[in-house]
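Report on the following structure.
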Amino acid sequence: MISIRHIVKQYAAHRALDDVSMEIEKGTVFGLLGPNGAGKTSLIRIINQITAPDSGEILFNGEPLNQVHVDRIGYLPEERGLYKKMEIGEQILYLARLKGLSRPEALKRAKYWFEKLQIQSWWNKKIEELSKGMQQKAQFVATVIHEPELLILDEPFTGFDPVNAEVIKNEILELNKKGATVIFSTHRMESVEELCDSIALLNLSHKILDGKVKTIRNSYRNGTYVLEYEGDKIPMNGSAPFAILQETGHDGYRQVKLKINEGSKVNDLLHYMLPLAAINKLEEVIPTMNEIFIQKVGSSNA
Amino acid sequence: MNKILLIIQREYFSRVKKKSFIVMTILVPVLFIGMISLIAYIAVKQNDFGDKKKIEVADESGRFFARLKNDNSVTYTAAKDLATAKSSFIKDGYDYLLYIPASMEGVQLLGEKKAGPMTSGKIEDELTEIIRAQRLAEAGIDSVTLAKAQKSISVASMQVTEKGVKDANAGVAMGLGILCAFLIYLSLFIYGTQVMRGVIEEKVSRIVEVIISSVKPFQLMLGKIIGVGMVGLTQFVLWIAISIGLSMAGGTALMKNSMHNKQEQMAQMQHVGGNVSVATQQVPANETSGVMQAIAGIPIAYTLGCFLFYFLFGYLLYSAIFAAVGSAVDNETETQQFMLPITLPLIFTFALAQSFIINNPDSSLSIWLSMIPFTSPIAMMIRIPFGVPVWQLAVSMVLMVLGFLFTTWVAARIYRVGILMYGKKASYKELAKWFMYKE
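Chains as they are written, first to last, in the working numbering: chain D, 1353 to 1654; chain H, 170 to 608.
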């Protein structure tokens, strides 16, 4: 869908993006991650053609990105807002028409979305009369009303209470199911694991990691497991195929976080434990995106 | 292109629909015309507004009192002698005591309060007229010969052009030039600031990034400038239409009123049989027809065309700069440091326009000022009623268009970066840096 190739963006003394490349596949939810100032917003603005790169190119469905594509992208910036003194309905129509919809078409779709998000009674209200959450909903409608093939959402959940954040999340997933590709930029890692198929991690203007979320997390597996059992403390001697990292428990019910030794397998662990205890649960601990994020950014900063 | 139209539409209607626009559009001409007509009304009717002065006259020679005429502002009463009148005229209810010594040296108007210029002027005129008539009669000149001799001359200022001799009344030309220059000066400020506010509003409300993901920053800037410009034109047209409507309505009412008065006066005069007053009435009539002639002598279409051109391009040029300033700041108070250098050429030219340019429309300073795009909208409008060579006008207009294209280009480069910069204190150095950024 989007091929980003060797993008460089220089601002006076500061290089915002340095030879950044990535592929965003059609129909996926793509997480663009990174700490503040990593270059996420610069990259997003380049995809939106708000600014142009100094070198490198971007392909939209194989064609070099140009003004024609503007109407096929929906963008929700992090710094967002609406005209304070304009009626909300008119405002949505205006933004929809700027994206190339005819007035009647825009009106039809706006009504549909207002009903869907239950804000139809706000049609004639001015933005300054609305709560923050309401404004965000209206802004979301403005982003998706022209049924863009590519949705670029920069921190879409800020300003929503948990209930409305859930509503918006489901709307995003539904649009994705209908075929929209989503680029999703955020710091909130828990939503990344929940939503994203693939990610790219930017730090200090460079891409330091990218790939499918599952693959990345798997590649960060290090043989750590949580074991819950009933029995006594595990007697540790040289023959145990693992090391204990952490141990808690009482009254014969124990939980152990352990790391399997290099070259050993889960079966070896079970084999060792079976005679000693009644096993309730054994679960692999896969590093969360948050942990990977902190680890990668920390090590690339070092 | 279509998107610019949409932007223009929004900028235009969102402003025109505002209550403040409607109120201003109606209120300004009403207040303006109202003020003018009130002044005119008071001037016409001042005798009715001022109270009637009662004056006791101590006339030592006895030659004057009989000839002093009572009217609706003063009544004269003869005093027995100066000494008693002096002590008692206030008590007797007179406002002033007029003392005319036999020698005519040291005529005095005594009163509790100093007499206003209207009253003392009126008495002076009357006494002068009486003495003059008397002396002329003594010299053997009758009043008919005198009336014939008194022909007032007005100098017709004519302008020699290729097409022939043209009427050019300097006074009217001055008035028209100043009016046009003032309108341009005012509108550059009013609507330029509106563009700037609009840009700041979009920046502060953070909608700008949403919009420029749909349109180019330049389209947004241009759409806003054109939209606000059309609001300005609409307001001007409405102001002029309402003003003309009001003054026509007011004029007819005033006409009727004064015609009525004139008829009454005429009737009175026929009774009195004085023919001096008829002569005096003809003078203002001549003056008005002179002004009318001068106005008719000014080519309306030409002047209006030039006015529209300089209004439009002056506005476009300045509003582009105002837009760039708006994009560089986070709120309106920060604009101060940029406002002065922008408005300085305007203020300078306008100040100079009223004194220097209007009196020396063809001096080289005036010509230079009417060439430089930043000052020409005002300077040229002052010069136009006096006649400007075609080549100068052409050069000025071409420079104006080039100046507009250039400033818009510079402004757009600053604008596209500025609207996305938050919390950065914009300095001139910073602006220069933004200007240098690549697309």
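From the three backbone atoms N, C-alpha and C, an ideal C-beta is built for every residue, glycine too.
Exercise for review: Would you list the one or two residues that DSSP bridges to D:PHE1536?
Suggested key: Your numbering for residue 1536 of chain D matches position 184 in the first sequence. Beta-bridge pairing links D:PHE1536 to D:GLY1383 and D:LEU1505.
Review point. Mind pulling the chain H residues with CB within less than 9 angstroms of D:ALA1669?
Key: One cannot answer for residue 1669 of chain D here, as it falls past the ends of chain D, which runs 1353 to 1654.
Point to revise | Contact belief for D:PRO1593 with D:LEU1621 at Cβ below 8 angstroms, rounded distance in angstroms | key: Translated into positions along the first sequence, residue 1593 of chain D becomes position 241. Translated into positions along the first sequence, residue 1621 of chain D becomes position 269. With 8 angstroms as the limit, D:PRO1593 and D:LEU1621 qualify as a contact, their Cβ atoms being about 6 angstroms apart.
Review point. Applying a beta-carbon distance threshold of less than 8 angstroms, which residues of chain D neighbour H:SER383?
Key: Stepping through the second sequence from its first residue, residue 383 of chain H is reached at position 214. In chain order: VAL1422, ASP1423, LEU1447, LEU1450 and LYS1451.
Exercise for review: Could you tell me whether the stretch 1566 to 1576 of chain D touches the stretch 1528 to 1543 of chain D, where touching means 3 or more Cβ pairs closer than 8 angstroms?
Suggested key: no
Review point. Whose C-beta lies closer than 6 angstroms to the C-beta of D:GLY1383 among residues of the same chain, with five residues either side of it excluded?
Key: Translated into positions along the first sequence, residue 1383 of chain D becomes position 31. Answer for D:GLY1383: PHE1536, VAL1544, CYS1548 and ILE1551, listed in chain order.
Check your understanding: When the cut-off is 8 angstroms and only beta carbons count, does H:LYS393 lie next to chain D?
Key -> Locating residue 393 of chain H in the second sequence gives position 224, where the first residue counts as 1. Not an interface residue.
**Study point:** Proximity below 8 angstroms, CB of H:ILE583 to CB of H:PHE555
**Key:** Looking up residue 583 of chain H in the second sequence gives position 414. Looking up residue 555 of chain H in the second sequence gives position 386. Taking 8 angstroms as the Cβ cut-off, H:ILE583 and H:PHE555 do not qualify as a contacting pair.
Practice item. Can you check DSSP and say which residues form a bridge with D:ASN1723? Key: Any property of residue 1723 of chain D remains undetermined from this structure, which presents chain D solely from 1353 to 1654.
Exercise for review: Tell me, to the nearest whole angstrom, how far the beta carbon of H:ILE394 is from that of H:LEU485; I am working on the premise that it is less than 8 angstroms.
Suggested key: For the purposes of this step, residue 394 of chain H is taken as the residue at position 225 of the second sequence. For the purposes of this step, residue 485 of chain H is taken as the residue at position 316 of the second sequence. H:ILE394 to H:LEU485, Cβ: 6 angstroms. Contact.
Review point. In chain D, which residues lie less than 7 angstroms from H:ARG179 when you measure between Cβ atoms?
Key: Counting from one through the second sequence, the residue named residue 179 of chain H turns up at place 10. What H:ARG179 touches in chain D: TYR1446.
Review point. Which residues bound the alpha helix (DSSP H) around D:GLN1461?
Key: Reading the first sequence from its first residue, position 109 is the one you call residue 1461 of chain D. Checking the sequence shown, residue 1461 of chain D turns out to be Arg, not Gln. 1455 to 1468 is the span of the alpha helix (DSSP H), which, as asked, contains D:ARG1461.
Point to revise | Close beta carbons around H:PRO475, own chain, < 6 angstroms, minus the five adjacent residues each side | key: As a first step, residue 475 of chain H is located in the second sequence; it is residue number 306 there, counting from the start. Note that residue 475 of chain H is Cys in the sequence shown here, rather than Pro. Only ILE553 meet the Cβ criterion.
**Study point:** CB contact check: H:ILE376 to chain D, cutoff 8 angstroms
**Key:** Sequence index remark: in the second sequence, residue 376 of chain H carries index 207 (1-based). Chain D contact via Cβ: present.
Point to revise | Identity of the residue in D:LEU1525, D:LEU1434, D:ILE1399 and D:GLU1643 nearest D:GLN1419 by Cα | key: Here residue 1419 of chain D refers to the residue found at position 67 when the first sequence is read from its first residue. D:GLN1419 has its Cα closest to that of D:ILE1399, out of D:LEU1525, D:LEU1434, D:ILE1399 and D:GLU1643.
Review point. Listed in chain order, which residues of the stretch 1523 to 1543 of chain D have Cβ atoms closer than 9 angstroms to some Cβ of chain H?
Key: none
Review point. In chain order, what residues of the same chain have a beta carbon less than 8 angstroms from the beta carbon of H:ILE347, not counting five sequence neighbours either side?
Key: Here residue 347 of chain H corresponds to residue number 178 of the second sequence, with the count starting at 1. The residues are ALA522, GLN523, ILE527 and ILE551.
Point to revise | Contacting positions in the stretch 577 to 598 of chain H - beta carbon closer than 9 angstroms to chain D | key: ARG585, VAL586, LEU589 and TYR591
Check your understanding: Under three-state DSSP, which class holds H:PHE258?
Key -> As a working mapping, residue 258 of chain H is identified with position 89 in the second sequence. Three-state result, H:PHE258: coil.
Exercise for review: Pull up the DSSP beta-bridge partners for H:LEU278, would you.
Suggested key: As a working mapping, residue 278 of chain H is identified with position 109 in the second sequence. In DSSP, H:LEU278 forms a bridge with H:LEU267.
Practice item. Determine whether the Cβ of D:MET1641 lies closer than 8 angstroms to any Cβ atom of chain H. Key: In the first sequence, residue 1641 of chain D corresponds to position 289, counting from 1. No, D:MET1641 lies away from the interface with chain H (no Cβ there is under 8 angstroms from its Cβ).
Point to revise | DSSP three-state assignment for H:ARG552, whether helix, strand or coil | key: Residue mapping note: residue 552 of chain H aligns to position 383 of the second sequence, counting from 1. Three-state DSSP puts H:ARG552 in a helix.
Check your understanding: Taking the DSSP output, what are the residues bridged to D:ILE1425?
Key -> Here the question's residue 1425 of chain D lines up with position 73 in the first sequence. Its beta-bridge partners are D:LEU1502.
Review point. In or out: D:PRO1627 buried (at least 16 other Cβ within 10 Å) or exposed?
Key: Numbered from 1 along the first sequence, position 275 holds the residue referred to as residue 1627 of chain D. It counts as exposed.
Check your understanding: beta strand (DSSP E) containing D:LEU1628: first to last residue?
Key -> The count along the first sequence starts at 1 and reaches residue 1628 of chain D at position 276. Per DSSP, D:LEU1628 belongs to no beta strand (DSSP E) and is neither H nor E.
Review point. Helix, strand or coil: which one does DSSP assign to H:PHE233?
Key: As a first step, residue 233 of chain H must be located in the second sequence, where it is residue number 64. In this structure, H:PHE233 counts as coil in the three-state DSSP scheme.
Exercise for review: Could you please give me the residues that DSSP links to D:GLY1601 through a beta bridge?
Suggested key: Within the first sequence, numbered from 1, the residue matching residue 1601 of chain D stands at position 249. D:GLY1601 pairs with D:ARG1606.
Check your understanding: Among H:ALA342, H:ALA410, H:PHE480 and H:ALA493, which one has its Cα closest to the Cα of H:MET390?
Key -> Working through the second sequence from its first residue, we reach residue 390 of chain H at position 221. The option with the nearest alpha carbon to H:MET390 is H:ALA493.
Point to revise | Inter-residue spacing [alpha-carbon to alpha-carbon] between H:TYR360 and H:THR194 | key: By one-based count along the second sequence, residue 360 of chain H stands at place 191. By one-based count along the second sequence, residue 194 of chain H stands at place 25. Cα to Cα, H:TYR360 sits roughly 14 angstroms from H:THR194.
Exercise for review: Give the interface partners of H:SER183 over in chain D, defined as CB-CB distance under 7 angstroms, in chain order.
Suggested key: Numbered from 1 along the second sequence, position 14 holds the residue referred to as residue 183 of chain H. Near H:SER183 (Cβ distances below 7 angstroms), the residues of chain D are MET1438.
Practice item. State the CB to CB distance for the pair D:ARG1357 and D:SER1373, rounded to an integer number of angstroms; the pair is presumed to be in contact (CB under 8 angstroms). Key: Position 5 of the first sequence, counted from the first residue, corresponds to residue 1357 of chain D. Position 21 of the first sequence, counted from the first residue, corresponds to residue 1373 of chain D. 5 angstroms between Cβ atoms; contact.
Review point. Can you list the residues of chain H that D:ARG1432 reaches, using a CB-CB cut of under 9 angstroms?
Key: The residue given as residue 1432 of chain D occupies position 80 in the first sequence. Neighbours of D:ARG1432 on chain H, chain order: ARG375, ILE376, GLU378 and VAL379.
Practice item. Identify the continuous alpha helix (DSSP H) that holds D:GLN1362 and give its terminal residues. Key: One-based indexing of the first sequence puts residue 1362 of chain D at position 10. Note, D:GLN1362: premise wrong, no alpha helix (DSSP H); beta strand (DSSP E) at 1354 to 1363.
Check your understanding: Going by beta carbon distance, what residues of the same chain come within less than 7 angstroms of H:GLN277, once the five residues before and after it are set aside?
Key -> Position 108 of the second sequence, counted from the start, is the residue given in the question as residue 277 of chain H. Contacts found: TYR268.
Review point. So, is the C-beta of D:ASN1388 closer than 8 angstroms to a C-beta in chain H?
Key: To locate residue 1388 of chain D, count along the first sequence from 1; it is residue 36. So no, D:ASN1388 is outside the interface.
**Study point:** Candidates H:GLY290, H:ASP264, H:PRO270 and H:SER289, of which the one nearest H:GLY280 by Cα
**Key:** Within the second sequence, the letter at position 111 stands for residue 280 of chain H. Selected option, being the one with the closest Cα: H:ASP264.
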